[in-house]
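Here's the structure, in structure tokens; my notes come after.
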Amino acid sequence: MRLIAAVSEELGDLDGVPVGIGPVVAGVNAARLLASEPPSAVLLIGTCGAYPGRGSIGDVIVGTRIGFASGVASIGLGYTPRPPAPVTCDGSLSAGVEARRAAVLTCPAVSTDPGLVERLGDGWDVEHLEAFGVAFACHQAGVPFAVVLGVANIVGPDAHVEWLTHREAAQEAARQTARELLALH
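Be aware that the sequence shown starts at 167, since it is given in our numbering, and climbs by one per residue.
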């Protein structure tokens, strides 16, 4: 199983590959990695924000499905002609670990406006910038995919300050769960 994260800080002492920040950069770099060194499976780790009422700072989540949404489209200022369908995570890769199961939404930017957060959070538990890009690359390549994320903030106006405060603990919590998963596989 190949371990991936947006940046090396999220990997810490774990052997993995950073793919970059944001859905496009992470997706392109993940696709490149899959084409050059096809792994048996991919595990993405990192930090995320929980939508209000859908989780708490300090939680560790395992993704069940990964979706993509544009804030512009969700508030009616534009539309996406053919939005990509959500990608289902491979539950067998995350079986055997104690973590909350959650639906992960990727947006092109961190959501901070309360009205936007309310619209985006409908049907989703957490927000993570790279998950959909990596999941879609894996789906296209036929490679099983799982994601483990530590909740560092609540999505909304205070997200960045909370993330700065809690990111290191959230990263370590995600790494600990990743270690458990890697030991099982």
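We put the beta carbon where it would ideally sit given N, CA and C, even for glycine.
{"Check": "Whole-Å CB distance - isoleucine 211 paired with alanine 344, under 8 Å assumed", "Outcome": "5 Å"}
{"Check": "Expected contact under 8 Å - CB spacing of glycine 221 and valine 292 to nearest Å", "Outcome": "6 Å"}
{"Check": "Whole beta strand (DSSP E) elements within the region 251-333, 3-residue minimum", "Outcome": "266-272 and 311-320"}
{"Check": "Spatially closest choice to alanine 297 from Leu199, Ala325, Gly289 and Arg231, by CA coordinates", "Outcome": "Arg231"}
{"Check": "Whole-angstrom distance between valine 238 and glycine 244, CA atom to CA atom", "Outcome": "6 Å"}
{"Check": "Which of helix, strand or coil DSSP assigns to valine 183", "Outcome": "strand"}
{"Check": "8 Å Cβ shell around valine 117 - same chain, five flanking residues per side excluded", "Outcome": "The first residue shown for the chain is 167 and the last is 351, placing residue 117 beyond what the model contains."}
{"Check": "Reference asparagine 319; option with closest CA among Asn195, Gly257 and Ile227", "Outcome": "Ile227"}
{"Check": "Backbone secondary structure at arginine 168 - three-state DSSP", "Outcome": "strand"}
{"Check": "Segment limits, beta strand (DSSP E) that includes proline 201", "Outcome": "Correcting the residue type first, residue 201 is alanine in the shown sequence and not proline. Note, alanine 201: premise wrong, no beta strand (DSSP E); alpha helix (DSSP H) at 189-202."}
{"Check": "Span separating the alpha-carbon of alanine 303 from that of alanine 197", "Outcome": "5 Å"}
{"Check": "Where leucine 259 falls, given that 16 or more other Cβ within 10 Å makes a residue buried", "Outcome": "buried"}
{"Check": "Buried versus exposed call for aspartate 179 [16 or more other C-beta atoms within 10 Å across all chains shown]", "Outcome": "exposed"}
{"Check": "Residue from Ile241, Gly287, Gly299 and Ala336 whose Cα sits closest to the Cα of isoleucine 170", "Outcome": "Gly299"}
{"Check": "Exposure of alanine 192, with buried meaning 16 or more beta-carbon neighbours within 10 Å", "Outcome": "buried"}
{"Check": "Straight-line Cα distance separating serine 236 from glycine 349", "Outcome": "First, the residue type needs correcting, since residue 349 is alanine and not glycine in the sequence shown. Spanning the two alpha carbons is a distance of roughly 36 Å."}
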